[in-house]
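Chains as they are written, first to last, in the numbering used here: chain A, 86 to 199; chain B, 18 to 130.
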């Protein structure tokens, strides 16, 4: 079945540590997105990519980095510069002609600072 | 400033009744508005899309309206069931070039048997 796979489901980070969240899709979608979700708040856009080897900052990119070396993969690194990284992270993709379709989301990664 | 607001209070209704959820926005001129369902600990699932020139859209027991004058969308679930209990998110397409969506904070619906 086609879909988006995020891993790991749960991740614990120590202070000052960089961690990488994986996002893989087999939907042949061009565009991919990373959102952060905090309790009682809407999803906030971190980074997005419309094509391979190109990506743009979203509304809250500080302390995060991404790469898009393959169409299928869009990993997110949470760096030590991100002061409040504890949140639920969601990866999404959308197909060509994206105006008429919704996003497909992964199941999310819950990151906790310990 | 640009805002999307959904009722932050949970909506509790009895099974069989119609649930109505509200999404209001300011300082946007979206071409499209979308609704998603999110279950606890899971990613959102796309439900419906409505365009700015459409007043109403239906899909099975779901109905969405879009009033660009009031800057408001209403999401209705008729004949609600306990399985409809979830958080519902509205999202605005703010850039047709990038496909960027801006999400509301969601409203939690609880349908009691």
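Just so you know, even glycine gets a beta-carbon here, dropped at the ideal spot from N, CA and C.
Scan the region 116–140 of chain A for residues whose Cβ lies nearer than 7 Å to a Cβ of chain B and list them as they occur along the chain.
Listed by position, the residues of the region 116–140 of chain A near chain B (Cβ gap below 7 Å) are 116, 125, 126, 127, 128, 130, 133 and 135.
DSSP three-state assignment for residue 56 of chain B, whether helix, strand or coil
Correct three-state label for residue 56 of chain B: coil.
Excluding the 5 residues flanking residue 20 of chain B on each side, which residues of the same chain have their C-beta closer than 6 Å to its C-beta?
Its chain contains 43 as the residues whose beta carbon lies nearer than 6 Å to that of residue 20 of chain B, once the 5 sequence neighbours on both sides are disregarded; these appear in chain order.
Helix or strand or just coil, what does DSSP make of residue 70 of chain A?
Lying before the first or after the last residue shown, residue 70 of chain A is absent from chain A, which here runs from 86 to 199.
Alpha carbon of residue 157 of chain A to alpha carbon of residue 33 of chain B, nearest angstrom
Those two C-alpha atoms are separated by around 42 Å.
Contact set between residue 33 of chain B and chain A, taken where Cβ atoms lie within less than 7 Å
Residue 33 of chain B does not reach chain A, its nearest Cβ partner there being about 28 Å away, counting only Cβ pairs nearer than 7 Å.
Under a CB-based cut-off of 9 Å, is residue 61 of chain B close to chain E?
Looking for chain E here will not work: the only protein chains present are A and B.
Beta-carbon proximity list for residue 151 of chain A, same chain, < 6 Å, skipping 5 on both sides
Same-chain partners within the cutoff: 132, 140 and 161.
Closest to residue 71 of chain B by C-alpha separation, out of B:28, B:81 and B:77, would be which residue?
Ranking the options by Cα distance to residue 71 of chain B, first place goes to B:81.
Looking only at its own chain, which residues have a Cβ that is under 7 Å from the Cβ of residue 101 of chain A, when we skip the five neighbours before and after it?
Non-local C-beta neighbours of residue 101 of chain A in its own chain, meaning closer than 7 Å and more than five positions away in sequence, comprise 165, ordered along the chain.
Please return the same chain residues whose Cβ sits closer than 8 Å to the Cβ of residue 113 of chain B, not counting the five positions on each side in sequence.
Its chain contains 48 as the residues whose beta carbon lies nearer than 8 Å to that of residue 113 of chain B, once the 5 sequence neighbours on both sides are disregarded; these appear in chain order.
Residues, ordered as in the chain, of the region 77–90 of chain B that lie near chain A by beta-carbon distance below 9 Å
Within the region 77–90 of chain B, no residue qualifies.
Per DSSP, what kind of secondary structure is residue 123 of chain A in: helix, strand or coil?
In the three-state scheme derived from DSSP, where H, G and I count as helix and E and B as strand, residue 123 of chain A is classed as coil.
Any beta carbon of chain A sitting closer than 9 Å to that of residue 124 of chain B?
With a threshold of 9 Å between beta carbons, residue 124 of chain B makes no contact with chain A.
Does the distance from the C-beta atom of residue 163 of chain A to that of residue 149 of chain A stay below 9 Å?
Residue 163 of chain A places its beta carbon less than 9 Å from that of residue 149 of chain A.
Proximity below 9 Å, CB of residue 143 of chain A to CB of residue 173 of chain A
No, the pair does not count as a contact, with Cβ atoms beyond the cut-off.
Alpha-carbon to alpha-carbon, residue 35 of chain B and residue 96 of chain B:
Approximately 6 Å between the Cα atoms of the pair.
Closer than 9 Å to chain B by CB, residue 190 of chain A:
At a cut-off of 9 Å between beta-carbon atoms, residue 190 of chain A makes contact with chain B.
Heavy atom of the ligand ATP within 8 Å of residue 180 of chain A beta-carbon:
The model depicted lacks the ligand ATP and carries no ligand whatsoever.
Applying the criterion that 16 or more other CB atoms from any shown protein chain within 10 Å of the CB defines a buried residue, is residue 109 of chain B buried or exposed?
Buried is the call here.
Is residue 101 of chain B helix, strand or coil when you go by DSSP?
The answer is helix: DSSP assigns residue 101 of chain B an H, G or I state.
Does the beta carbon of residue 107 of chain A come closer than 9 Å to any beta carbon on chain B?
Not an interface residue.
Which of the three DSSP states, helix, strand or coil, is assigned to residue 196 of chain A?
Strand.
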